[in-house]
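What follows is a single structure, written as structure tokens, with notes after it.
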Amino acid sequence: MFLKKNKTVIIAEIGVNHNGSIAVAKKLIRVAKQVGADYAKFQMYEPDEMIIETAKKAEYQNLSIGKSISQKDMLRKFYLSELKLIKLHKYCKKIGIKFLASVFDEISLQRYIKLKPDYIKLPSPEINNLFLLKKIKSIKNKIPIIFSTGMSTNKEILNVYKILGKKKKLIPMYCVSSYPTKVSEIDLKNFLMMKRKYKFIGLSDHTSSLETSIICTYHNVNIIERHLTLNNQLSGPDH
Numbered sequence: 009m010f011l012k013k014n015k016t017v018i019i020a021e022i023g024v025n026h027n028g029s030i031a032v033a034k035k036l037i038r039v040a041k042q043v044g045a046d047y048a049k050f051q052m053y054e055p056d057e058m059i060i061e062t063a064k065k066a067e068y069q070n071l072s073i074g075k076s077i078s079q080k081d082m083l084r085k086f087y088l089s090e091l092k093l094i095k096l097h098k099y100c101k102k103i104g105i106k107f108l109a110s111v112f113d114e115i116s117l118q119r120y121i122k123l124k125p126d127y128i129k130l131p132s133p134e135i136n137n138l139f140l141l142k143k144i145k146s147i148k149n150k151i152p153i154i155f156s157t158g159m160s161t162n163k164e165i166l167n168v169y170k171i172l173g174k175k176k177k178l179i180p181m182y183c184v185s186s187y188p189t190k191v192s193e194i195d196l197k198n199f200l201m202m203k204r205k206y207k208f209i210g211l212s213d214h215t216s217s218l219e220t221s222i223i224c225t226y227h228n229v230n231i232i233e234r235h236l237t238l239n240n241q242l243s244g245p246d247h
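Using the working numbering, read the sequence shown as starting at 9 and increasing by one per residue.
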């Protein structure tokens, strides 16, 4: 599947809001289906491949989950095995919503490709992961690449095109990497500049309101991604 004219693809970003529970993950998939999302999206990563033991958490993560647990232990806590993700992929198919995932490392990418996805999602922190970019480049089929730009400079975005652009369909996602994002932090001029510059454009919307998504839809954004939770008061970094 690729993008359709006059159609905005809606991604429900479940991420790690399943808190490591496949039962909660399935409930979130059902909610994503009920609210009309096209995709239920998860995160695929291997903690030992992704991060070092001494890596610090972001301040919003400290506020939501506490300072006592390390970044790596937090990732281990919310980790879903390959087998569990395969089960969730099958569950998405069963109830009629598509499965999508962000990939953070080469091992996860290889596992994800086996699921024959419509898109590969590259999260903001991995836009400079040259090992991962080169691995994506080596994939023979032409799966479109969605990549968030929340922590990227214009030069870094262009570098993704330089590495992947000749063989891959690319969709950059305008994004502000704060959780939640204040509406005042949104730079619509930057979004419109990206829209003029690139053939396709998406929005990874971290605000808690609808204004930004509605405005970007008016400007014919191709993809909108929004986080999904069952309860904002649950323990975890992204609720």
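All C-beta atoms in this analysis are idealised placements derived from N, C-alpha and C, irrespective of residue type, glycine included.
Within the same chain, I135 come within 6 Å of S160 by CB-CB distance, once the 5 residues on both sides are set aside. Around the beta carbon of G210, a 10 Å sphere encloses 16 or more other beta carbons of the protein chains shown; the residue is thus reported as buried. Setting aside the 5 residues that flank it on each side, I194 is surrounded in the same chain by V184, T215 and T220, each with a C-beta closer than 8 Å to its C-beta; the list follows chain order.
Assignment of P55 by DSSP, reduced to helix, strand and coil, places it in the helix class. For the pair S132 and K102, the Cα-to-Cα distance works out to about 30 Å. Secondary structure at M181: strand, using DSSP grouped into helix, strand and coil. The criterion of a C-beta distance shorter than 8 Å is not satisfied by I171 and I151.
In this chain, the alpha helix (DSSP H) harbouring S116 covers E114 to I121. Around the beta-carbon of Y182, 16 or more other beta-carbon atoms lie within 10 Å, marking it buried.
Taken in chain order, the unbroken stretches of alpha helix (DSSP H) that lie wholly in the segment 215 to 244 and span 4 residues or more are 219 to 226. Burial is judged here by how many other beta carbons sit within 10 angstroms of a residue's own beta carbon; E164 has fewer than 16 and is exposed.
In summary, R234 is buried, with 16 or more beta-carbon neighbours lying within 10 Å of its beta-carbon over all protein chains present. Pairwise C-beta distances place the segment 43 to 56 in contact with the segment 110 to 119, as three or more of them are shorter than 8 Å. Beta-bridge partners assigned by DSSP to E164: none are found. With fewer than 16 neighbouring CB atoms inside 10 Å of its own CB, A31 falls in the exposed class. Here L242 is not near I22, since their CB atoms are 8 Å or more apart. The DSSP-derived three-state label of K176 is coil. As DSSP reads the structure, E90 sits in no beta bridge. Scanning the segment 15 to 51 from its first residue to its last, the whole alpha helix (DSSP H) runs of 4-plus residues come out as 30 to 42. Only exposed fits S89, as fewer than 16 other CB atoms lie within 10 angstroms of its CB. The criterion of a C-beta distance shorter than 8 Å is not satisfied by L130 and Y47. Shown here, S156 sits in a strand according to DSSP, grouped into three states. Under the DSSP assignment, F139 falls in the alpha helix (DSSP H) whose first and last residues are L138 to K145. Under the three-state reduction of DSSP output, F208 falls in the coil class, being neither helix nor strand. Taking 8 Å as the cut-off, the Cβ atoms of K35 and Y99 do not count as close.
A direct Cα-Cα distance of roughly 11 Å separates K207 from G173.
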